[in-house]
Amino acid sequence: MSLDLWKKGTLAMAITAALTACGSDDNDNNNSADTNTDTPAEFDISNIVINEVRSTGDYDYVEIYNAGSESYTFADGEWGLLDGDSTHTAIAIPAGTEIAAGGYLLVLTDATELPATVASAVLGGVDGFGLGKGDTANLLYQGTAHDSYSWTDGEHADTLGRYPDGGDWAEGAMSATPAAANTAPAAAEEEEPVTAVATDILINEVRTKGDFDFVELYNSADAEFTFSGTDWTLLDSDDGHTPVTIPDGTVIAAKGFLVIMPNETTQVDGAPAAIVAAADQDFGLGKGDTIRLFYQGNLADEYTVTADTHANSAGRLPDGGDWATGDIYATPGETNLAASPAELAVTTLFFDGLNDQEAALEAEGFRVFGPAADLATDVEPEYVAISADDTTAWVSLQENNGLAVIDLTVDAEAITKILPLGLQDYGLEANAMNASDKEAGTALTAYANVKGFFMPDAITTFEDNGTHYVISANEGDARDYDGFSEEARVDDLTLNTTAFPDAATLQGETVLGRLKTTLNPFSDEAVATDIETIYAYGGRSFSIWNGETGEQVFDSGNDLAEMTIAAGIYPDGRSDDKGSEPESVTTGMVNGLRYAFIGMERASAIAVYDISDISAPEQLQLLTHEGDEAPEGLLFLDSDSVSEFGFAAALVTANEVSGTLSLYAVPAVAAADSAKPVFSHQYTVTIEGGERASEIVAYDSTLHKLYVVNNGAISDGPRVDIVTLSDTGLAVTGAINLAAYGAGVNSVAVKNGKLAVAMEANDKQAFGTVAVFNTSDDSIYGYARVGSLPDMVTFSHDGSFIMTANEGEPNSAYTRDPKGSVSVIRLN
């Protein structure tokens, strides 16, 4: 429990409510001294402590112990027990309850009756609470945290206690002894140190066809293995070739992989970091080839490709096991997977064909600025929006400040152009901003020669009178890596005194000095002196763009700041960054009107607009719900999807920081009574996993199931949680574990009974995977290799193909920067 919460009164109110529920009132509390007349005045209440906790088993309990030499009688309204959730009702310890010297009091936190094995206890009752993973037991006395014990995030307490009773908390679990003396934890057996030996190293996967040939080695031991000297070599079936020597000191992790690429001399796009490239291009891997691994000149392992065929790919299933019959799914440096049940045709598009347009695009506000990068390497595709007729897609290139346009003609898919998005002018009153997190107030000010790159995150598209439009949430994002950072603050710059005659004033921390800016607006050469224009991150707005020409049809300017200021929720502590940070956007039809919903990550709010007149959108409302923080994903549900629940339309928000999923809706009766109905909060469910447990959401309207991206800080691994919508609310009803497909799940989409998930590789710069499941039974339908770091995934409107925007983000040292790309996966 955070004591800050107690000081704010949250827990005080909770226990007051609990004690009142148990029969206490103000008069009883005022006479509490009379109730406790049997307790010696000199009794030291520090002797009353939490002694043992259990959050799993037949029942959850907290054991309280009296370490004193006298018995103690609990007074009315003074003592209570609460877990780590301040919204729960505290369990009051009834007046007159006595705990003997050296005795115990058992509190069953979620029981309504005594178990057969328990003689007496305080019961949590119908308003009680269970104890969960990574929870806290709090013993409260007179509105103060008296004693508490917390256990490890993501783990249950089974069973933890003090040893001896009243002493220090013991290391590790002990036997459960409710209302009895604690026993010592079992002594941990000393384990023999695990070491890896040469026989633990195996050939695990081989590919002789595809983007690159490779041989993957696997360490089957539970300890890492270090290759030494020139002991280890790899060779094909031709003894006349020069073998590849695994360099001295190369380490392969326990249960880990090492990829060897015998006909490559350097790292290639899509390959994992842990590779050994050949010293020269001496041999490739061919049809019917034999790949041999030698240790100190002796054959350690080998694999022979079927005669007259290529291996694309052959491997052991599971890793280190027997060789599979036929091809498996190629997973260099990753867990081996069986061949995809369904054959998915993938086309991955790169931006090399636009390299010669770099200068012209930069002149219009597009950015190419990574270290020594060309356009194709520098772009970072973020989000995808597909036209209603499935012929064109738009992809946001956030860091680069542009939109890519994709022609989706079957078998002729191509990136046709980039639309530079230009600059937000913060010198205009309509765009006035708050640029400091240090000033007293939230005044919005226009600043001449201060511009902002729009840098959209989420985008969506719609058609109006035959023209395609793209709506962007102009969040902004900086590159800030160990090996390269563009970030600076205005007070770090030397301003041109002609452009900024009052530079000394402007660079004060309460004016512009704290504003984050870039040293690399259009180049990898940093510029910090003689600055004539200050460039900020993001437009702090949402925009509507002509999808064909890139013309900006509408921009909300500082509307979002004004709305959140008026509502008292503007995040002033983020003024120096990107303000309320509009991050997510979606649209939908309500009563024949086109609504737009803009999620603001830092304000924890969603702005609702009527954009039926695209040149003059109208503010309708601002949606917030207590407990929801950082809306990351927005999903609009039309009347066909939710009418059976009494709604004319609904909006689902996945809230990243709070790990909650909420549903707002327009009740059908309200839609009938209003030309422009408003949304109201209906339901919220918390997704287990903590922060990042609820990020992006998709919906199967037939099954009424929501699929939620869960990369929770205390989750067991990447997964998609399944939340069922019913007429009584939202409930988590299942989950799909995704650990076999990569290190993290970035996005989900649903169409026609298929669920697509975008998975980044364990090595973030290697090619990622899209896994497709059947929503009917959560079984795997197929998977496909896509570009590096697939961020957003979406289905075409007819469900015949899937698209991903693959960021190709660099590593922290900026020594590996894979190309950004867009993948198209055809299902039929």
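In this text, residue positions in the sequence shown follow this note's numbering: the first is 113, and each later residue adds one. Note that beta-carbon positions come from the ideal geometry of N, C-alpha and C, so glycine has one too.
Taking the C-alpha atoms as reference points, what is the distance between E713 and T573?
In the sequence shown, residue 713 corresponds to position 601, counting from 1. In the sequence shown, residue 573 corresponds to position 461, counting from 1. Each residue's alpha carbon lies about 21 Å from the other.
Between A213, F565, A451 and A299, which lies nearest to Q510 when the distance is taken from Cα to Cα?
Stepping through the sequence shown from its first residue, residue 510 is reached at position 398. When only C-alpha atoms are compared, the closest one is F565.
I want to know whether the region 307 to 325 touches the region 395 to 413 - three or more CB-CB distances under 8 Å.
Touching, per the Cβ criterion.
Compare the C-alpha of R897 against each of T554, T460, L515 and A678 and name the closest.
As a position in the sequence shown, residue 897 is number 785, starting the count at 1. If we check each option's Cα against that of R897, T460 comes out closest.
Could you tell me which residues DSSP pairs with Y581 in its beta bridges?
As a position in the sequence shown, residue 581 is number 469, starting the count at 1. Answer is F574 and N658.
For A442 and P453, I'd like the C-alpha separation in whole angstroms.
Within the sequence shown, residue 442 is the residue found at index 330, counting from 1. Within the sequence shown, residue 453 is the residue found at index 341, counting from 1. Cα to Cα, the separation comes out at about 14 Å.
Count the other CB atoms, across all protein chains shown, that sit within 10 Å of the CB of A600; report buried if there are 16 or more and exposed otherwise.
For this step, residue 600 is matched to residue 488 along the sequence shown. Flag for A600 reads buried.
With DSSP as the reference, identify every bridge partner of S696, one or two as the case may be.
In the sequence shown, residue 696 corresponds to position 584, counting from 1. BP columns for S696 point to G711.
Alpha carbon to alpha carbon, how far is F757 from A187? Give it in angstroms, no decimals.
Counting from 1 along the sequence shown, the entry for residue 187 is found at position 75. Counting from 1 along the sequence shown, the entry for residue 757 is found at position 645. A187 and F757: Cα-Cα distance of roughly 49 Å.
For A762, collect the residues of the same chain with a Cβ closer than 6 Å to its Cβ; drop the 5 residues on either side in sequence, then sort them by chain order.
Taking the first residue of the sequence shown as 1, we reach residue 762 at position 650. Closer than 6 Å at the Cβ level, and outside the excluded window around A762, lie L749, V754, L775 and A777.
Cβ of R804 within 8 Å of any heavy atom in the ligand SAM?
No copy of the ligand SAM appears in this structure; indeed no ligand is present at all.
Cα-Cα, which of Q619, D197, A558 and P743 is closest to N543?
Sequence index remark: in the sequence shown, residue 543 carries index 431 (1-based). Of Q619, D197, A558 and P743, the residue nearest in Cα terms is A558.
Indicate the three-state DSSP secondary structure (helix, strand or coil) for E470 in the structure shown.
The residue labelled residue 470 in the question sits at position 358 within the sequence shown. Reduced to three states, the DSSP call for E470 is helix.
Can you check DSSP and say which residues form a bridge with D381?
Counting from one through the sequence shown, the residue named residue 381 turns up at place 269. Note: D381 sits in no beta bridge, so no partner.
Here's a check: name, in chain order, each residue in its chain whose Cβ is nearer than 8 Å to the Cβ of D752, leaving out the five neighbours to either side.
To locate residue 752, count along the sequence shown from 1; it is residue 640. Excluding positions up to five away in sequence, the list reads S813.
From the DSSP output, in three-state form, read off N375 for me.
The residue labelled residue 375 in the question sits at position 263 within the sequence shown. Of the three classes helix, strand and coil, the one that applies to N375 here is coil, per DSSP.
Where does N139 sit, in a helix, a strand or coil, going by DSSP?
On the sequence shown, residue 139 is found 27 positions in, with the first residue counted as 1. Since pLDDT at N139 reaches only 34, below the 50 mark, its modelled position is unreliable, and no value is offered.
Whole angstroms are fine: how far does the CA of A179 sit from the CA of E267?
By 1-based counting over the sequence shown, the position of residue 267 is 155. By 1-based counting over the sequence shown, the position of residue 179 is 67. Rounded to whole angstroms, E267 to A179 spans 28 Å at the Cα level.
Suppose contacts are defined by Cβ-Cβ distances below 9 Å. Is E175 in contact with N159 by that definition?
As a working note, residue 175 is residue 63 in the sequence shown. As a working note, residue 159 is residue 47 in the sequence shown. Cβ atoms of E175 and N159: not closer than 9 Å.
Measure from the alpha carbon of P532 to the alpha carbon of each residue in L540, N512 and T521, then state which is nearest.
For the purposes of this step, residue 532 is identified with residue 420 of the sequence shown, where counting begins at 1. That would be N512, whose Cα lies nearest to the Cα of P532.
Throw me the rounded Cβ distance for the G880 and P902 pair, which I believe falls under 8 Å.
Here residue 880 refers to the residue found at position 768 of the sequence shown. Here residue 902 refers to the residue found at position 790 of the sequence shown. With 8 Å as the limit, G880 and P902 qualify as a contact, their Cβ atoms being about 4 Å apart.
Any idea what DSSP makes of F757, helix, strand or coil?
The sequence position of residue 757 within the sequence shown is 645, counting from 1. In the structure shown, F757 sits in a helix (DSSP, three-state: H, G or I).
Pick out the complete beta strand (DSSP E) segments inside the region 516 to 553, 3 residues or longer, and give them in chain order.
Taking only runs of at least 3 residues, the beta strand (DSSP E) segments lying wholly in the region 516 to 553 are 526 to 532 and 535 to 537.
Roughly how many whole angstroms lie between the Cα atoms of V860 and T916?
As a first step, residue 860 must be located in the sequence shown, where it is residue number 748. As a first step, residue 916 must be located in the sequence shown, where it is residue number 804. Looking at the two C-alpha atoms, the distance is approximately 10 Å.
Taking Cβ positions, are D464 and A484 nearer each other than 9 Å?
The sequence position of residue 464 within the sequence shown is 352, counting from 1. The sequence position of residue 484 within the sequence shown is 372, counting from 1. Not closer than 9 Å, so no.
Judging by CA-CA distance, which residue of I440, T295, D280 and P444 is the nearest neighbour of F324?
Reading the sequence shown from its first residue, position 212 is the one you call residue 324. Ranking I440, T295, D280 and P444 by Cα distance to F324 puts P444 first.
Under a three-way DSSP split, which group does R319 fall into?
The residue you call residue 319 lines up with position 207 of the sequence shown. Of the three classes helix, strand and coil, the one that applies to R319 here is strand, per DSSP.
Report the residue from I440, I583, S912 and N703 whose alpha carbon sits nearest the alpha carbon of N940.
The sequence position of residue 940 within the sequence shown is 828, counting from 1. For N940, the nearest C-alpha among the options comes from S912.
Out of V702, A335, Y216 and Q731, which has the shortest C-alpha to C-alpha gap to D785?
Translated into the one-based positions of the sequence shown, residue 785 becomes position 673. The shortest Cα separation from D785 among V702, A335, Y216 and Q731 belongs to V702.
Could you name the residues of the same chain whose beta carbon sits closer than 6 Å to that of W191, not counting the 5 residues immediately before and after it, in chain order?
Residue numbering aside, residue 191 sits at position 79 when the sequence shown is read from its first letter. The residues are I205 and Y253.
Please report the residue range of the alpha helix (DSSP H) in which T110 lies.
Outside the shown range of the chain, which is 113 to 940, sits residue 110, and nothing can be said about it.
For T609, collect the residues of the same chain with a Cβ closer than 8 Å to its Cβ; drop the 5 residues on either side in sequence, then sort them by chain order.
In the sequence shown, counting from the first residue as 1, residue 609 sits at position 497. Around T609: A615.
Tell me whether the beta-carbon of L867 lies closer than 9 Å to the beta-carbon of L842.
For this step, residue 867 is matched to residue 755 along the sequence shown. For this step, residue 842 is matched to residue 730 along the sequence shown. For L867 and L842, no; Cβs fall outside 9 Å.
Can you find the residues in the same chain that come closer than 8 Å, C-beta to C-beta, to P227, ignoring five residues on each side of it along the sequence?
On the sequence shown, position 115 is the one that residue 227 refers to. Closer than 8 Å at Cβ, skipping near neighbours: D170, Y171 and L220.
Using the C-alpha atoms, what's the distance from G240 back to A223?
For this step, residue 223 is matched to residue 111 along the sequence shown. For this step, residue 240 is matched to residue 128 along the sequence shown. Whole-angstrom Cα-Cα distance: 7 Å.
Should T845 be labelled buried (16 or more other beta-carbon atoms within 10 Å of its own) or exposed?
Locating residue 845 in the sequence shown gives position 733, counting from the first residue. By the neighbour-count rule (16 or more Cβ atoms within 10 Å), T845 is not buried but exposed.
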